[in-house]
Amino acid sequence: MTNIIETLEKEEIARVTEGKEYPAFSAGDTLTVNVRIKEGERERVQRFEGVCIARSGGGLQESFTVRKISFGEGVERVFPLYSPMIESIEVKRKGRVRRAKLYYLRDRRGKSARIAERTSGHGIEVRENILGKTERKRKNQEAKAERKARAAEDRAAQAKAKEAEAAAAAAAAEAEANAAEGGEE
1 MTNIIETLEK
11 EEIARVTEGK
21 EYPAFSAGDT
31 LTVNVRIKEG
41 ERERVQRFEG
51 VCIARSGGGL
61 QESFTVRKIS
71 FGEGVERVFP
81 LYSPMIESIE
91 VKRKGRVRRA
101 KLYYLRDRRG
111 KSARIAERTS
121 GHGIEVRENI
131 LGKTERKRKN
141 QEAKAERKAR
151 AAEDRAAQAK
161 AKEAEAAAAA
171 AAAEAEANAA
181 EGGEE
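Take 1 as the starting number for the sequence shown in the working numbering and just add one per residue.
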């Protein structure tokens, strides 16, 4: 017999996440969380952008903490992951950290509070072609080759135009010479 609580939680998570897409993120990632806020009778969406410093819990009770510096003051907000008040979560930047909880950032200021960007691993796919070049390098190489091909075509067209111009000048000179010979006789 399966665990009834787990089954109910899975059903509830499926119901809450219906129509929403939750990206994979972890501590160190810079997130933008759009939260619905009700003020009186009116409802609006508020953006909260900061660094995810922790994920905790599991299942339906899972939550994450986002920290940002606002006007020189550190502001942290804990969001339940499957809250209906969360409209969307967007990962702006993947951070490279070696901890699951980044509470040490609370004591840091300025450059020491920065987090390096992660470029591969942990859910980030680096697609490589046969030569081992990343996709971006390959696209740059293709664009460069295309520019070179266009430049070669332009040079060929210019050479052809010069050739045609020289042939026209030679024909004109020959016609002039023929006219001069015809005038002398």
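Cβ coordinates follow ideal geometry from the N, Cα and C atoms, glycine included. On a predicted model such as this, the values are computed, not experimentally measured, just so you know.
Rounded straight-line distance, which links the Cα of Glu90 to that of Arg77: Arg77 and Glu90: Cα-Cα distance of roughly 16 Å.
According to DSSP, residues forming a beta bridge with Phe79: Phe64
Buried or exposed (CB count within 10 angstroms, at least 16 for buried), Phe64: That one is buried.
For Ala54 and Lys101, believed in contact at Cβ under 8 Å, the rounded distance: 5 Å
Backbone secondary structure at Gly186 - three-state DSSP: Shown here, the chain extends from 1 to 185; a query on residue 186 therefore has no answer.
Phe71 burial status per 10 Å Cβ neighbour count (16 or more: buried): exposed
Paired residues, beta bridge with Asn178 - DSSP: Paired residue(s): none; Asn178 is not in a bridge.
Counted within 10 angstroms of its Cβ, other Cβ atoms place Asp154 as buried (16 or more) or exposed: exposed
C-beta atoms of Phe93 and Thr30 nearer than 8 Å: In the sequence as displayed, the identity of residue 93 is Arg instead of Phe. Cβ atoms of Arg93 and Thr30: closer than 8 Å.
Between the CA atoms of Ala149 and Asn140 - distance to the nearest angstrom: For the pair Asn140 and Ala149, the Cα-to-Cα distance works out to about 14 Å.
Contact belief for Asn34 with Glu87 at Cβ below 8 Å, rounded distance in angstroms: The C-beta distance from Asn34 to Glu87 rounds to 4 Å, short enough to fall under 8 Å.
Boundaries of the beta strand (DSSP E) in which Val33 is found, first to last residue: Thr30 to Glu39
Reduced DSSP secondary structure (H/G/I, E/B, other) of Val16: In the three-state reduction of the DSSP assignment, Val16 falls in the helix class, which pools H, G and I.
For Glu146, the three-state DSSP class (helix, strand or coil): helix
Through-space distance from Ala157 to Ala143, alpha-carbon basis: 21 Å
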